[in-house]
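Visitor: Starting off with a structure, shown below.
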Amino acid sequence: MKIVIFAGGSGRRLWPISRQKSPKQFEPIIGSKSTLQLAVDRVADTYGLENIFISTNDRYTNIIQEQLAGLPAANVIGEPARRDLAAAVGLSITHLSRATETDLDQETMAILWGDNYMDQVPNFLQLMRAAENLLQQGAANIVFMGETPRFANDNLGWIGLGEKLGESDGQPYYRFGSLSYRPPLETCKQMFAEKTHVWNTGYFVTTIGYVRQLYQTYQPEMWAQLQQIEREIGTAVYADALHTIYPTLPAISFDDAILQHVPSARAVVLHGKMGWSDPGTLYALKEAINPDPAANVTKGLTIVESAQDCLVYNYQPDKLVAVVGVEGMIVVNTEDAVLIVHKDQIPLVKKLVNGFDGTELEPYS
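Sequence positions in the sequence shown follow the working numbering and run 281 to 645.
Okay, structure coming up:
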């Protein structure tokens, strides 16, 4: 199996931990390793570094090579411009195709993300095996992998479950129902109570040939441009072709460009308790580590007194950060910036940092 891990986002909702120069996937947000390093660690022993590819922005390729020293340099796929996920997945498919010596219709591939957290890795690997078995048996062309919900989370996408179709490698699988992106909290509560949906991890397993077919059918103009790039992979003019063609690709999401066209009869859903979470915002990070609203989460030299449901991160070892008598507060102290925000106002963080662009504050973004 070939694996693509996406690690190109800027992560502004996690500012000031995450910066343009080093976004969240490259930072040790939980533990001592970056979330990208953890993502690679989960699959390296089973699938081999030679089969793992990282999709990222050109500006981050050096960071990736430093953090993943054993990864072949050719397996880092740099985008010269941000053109949304349809273009990024398509570019990755061209590289996987060139690196595959077997039949593309039989070669399985997985799409994973480099900014997630997971603490039940054996369960994740079992789901990966089950997904690969379903594809090899012809039970589906694409397998979505969800997390069994732990609570009604309105910061995530959800996948609707259809009828149960059977089991693969001991894992039940279901007909694909629907995708919902960050539905209202009341809707999340209903879905959680009725157990009709699972959290959408953004992970899926399919075959290289099937994705190529989808692009050719539903995005023929984009695919023709990607084919021009593919023909130059490994040649002296690849960089020129990439930098000339890629920025002209349409900026469209992978869901809109490709996934909405997948026939439901050819898509199934697996889910399990992987301990998966997406710390996409600072409060989501707190929930990922400890969802108990009475608990606090701290890092570094801190004191939290008569407070609850707070995240307090201090990255300066010679400074004490004290938080007293508050609830639901996010406090992050770094070398050059301090953020204090209530959990209910977290969406304003990205808006704040976006406002730095083109001003004297841009170096802090």
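Positions of the beta carbon are idealized from the N, C-alpha and C atoms, including for glycine.
Pull up the distance between the alpha-carbon of residue 379 and that of residue 576, whole angstroms please.
Guide: When rounded, the distance between both Cα atoms is 46 Å.
Visitor: Between residue 579 and residue 590, what straight-line distance do the alpha-carbon atoms span, to the nearest angstrom?
Guide: C-alpha separation (whole angstroms): 12 Å.
Visitor: Quick one: is residue 434 buried, meaning 16 or more other Cβ sit within 10 Å of its Cβ, or exposed?
Guide: With fewer than 16 other Cβ atoms within 10 Å, it is exposed.
Visitor: Measure how close the beta-carbons of residue 633 and residue 297 come, nearest whole angstrom, since I'm counting them as under 8 Å.
Guide: Not a contact, Cβ separation roughly 12 Å.
Visitor: Going by alpha carbons, who is nearest to residue 597 out of 340, 614, 395?
Guide: Taking only the C-alpha atoms, the option nearest residue 597 is 614.
Visitor: Near residue 411, which residues of its chain fall below 7 Å by C-beta distance, leaving aside the five closest residues on each side in sequence?
Guide: Answer for residue 411: 423, 425, 485, 550, listed in chain order.
Visitor: By DSSP, does residue 476 sit in helix, in strand, or in coil?
Guide: Residue state, collapsed to three classes: coil.
Visitor: Going by alpha carbons, who is nearest to residue 432 out of 604, 522, 574, 470?
Guide: Nearest of 604, 522, 574, 470 to residue 432, Cα basis: 470.
Visitor: Spatial neighbours of residue 534 within its chain, please: CB distance less than 6 Å, with the 5 preceding and 5 following residues excluded, ordered by chain position.
Guide: Excluding residues within five positions, the ones whose Cβ falls inside 6 Å are 365, 366, 369.
Visitor: Would you give the residue range spanned by the beta strand (DSSP E) that residue 424 belongs to?
Guide: Where residue 424 is concerned, the enclosing beta strand (DSSP E) stretches over 422 to 427.
Visitor: What is the DSSP secondary structure of residue 603, counted as helix, strand or coil?
Guide: In this structure, residue 603 counts as strand in the three-state DSSP scheme.
Visitor: Check the DSSP bridge columns for residue 438 and list the partner residues they point to.
Guide: Paired residues: 460, 479.
Visitor: Can you name, in chain order, every residue of its own chain whose Cβ lies under 8 Å from the Cβ of residue 352, other than the five neighbours on each side?
Guide: So the list reads 329, 330, once near-sequence residues are dropped.
Visitor: Quick check: what's the CA-CA separation for residue 500 versus residue 524?
Guide: C-alpha separation (whole angstroms): 19 Å.
Visitor: Using a Cβ-Cβ cutoff of less than 6 Å, which residues in the same chain neighbour residue 355 once the five nearest sequence positions on both sides are dropped?
Guide: Taken in chain order, the residues that qualify are 333.
Visitor: Are the CB atoms of residue 282 and residue 488 nearer to each other than 8 Å?
Guide: Against a cut-off of 8 Å, the Cβ pair of residue 488 and residue 282 comes out as a contact.
Visitor: Thinking C-beta only, is residue 394 closer than 8 Å to residue 315?
Guide: Closer than 8 Å, so yes.
Visitor: Do the segment 397 to 417 and the segment 550 to 560 make contact, defined as three or more Cβ pairs closer than 8 Å?
Guide: Enough Cβ pairs lie closer than 8 Å, so yes.
Visitor: Going by alpha carbons, who is nearest to residue 455 out of 628, 373, 547?
Guide: Among 628, 373, 547, the Cα nearest to that of residue 455 is on 547.
Visitor: Closest to residue 460 by CA distance: which of 317, 605, 453, 480 is it?
Guide: Closest option to residue 460, Cα to Cα, is 480.
Visitor: Hey, could you find the ends of the beta strand (DSSP E) residue 358 is sitting in?
Guide: Unbroken beta strand (DSSP E) run through residue 358: 356 to 359.
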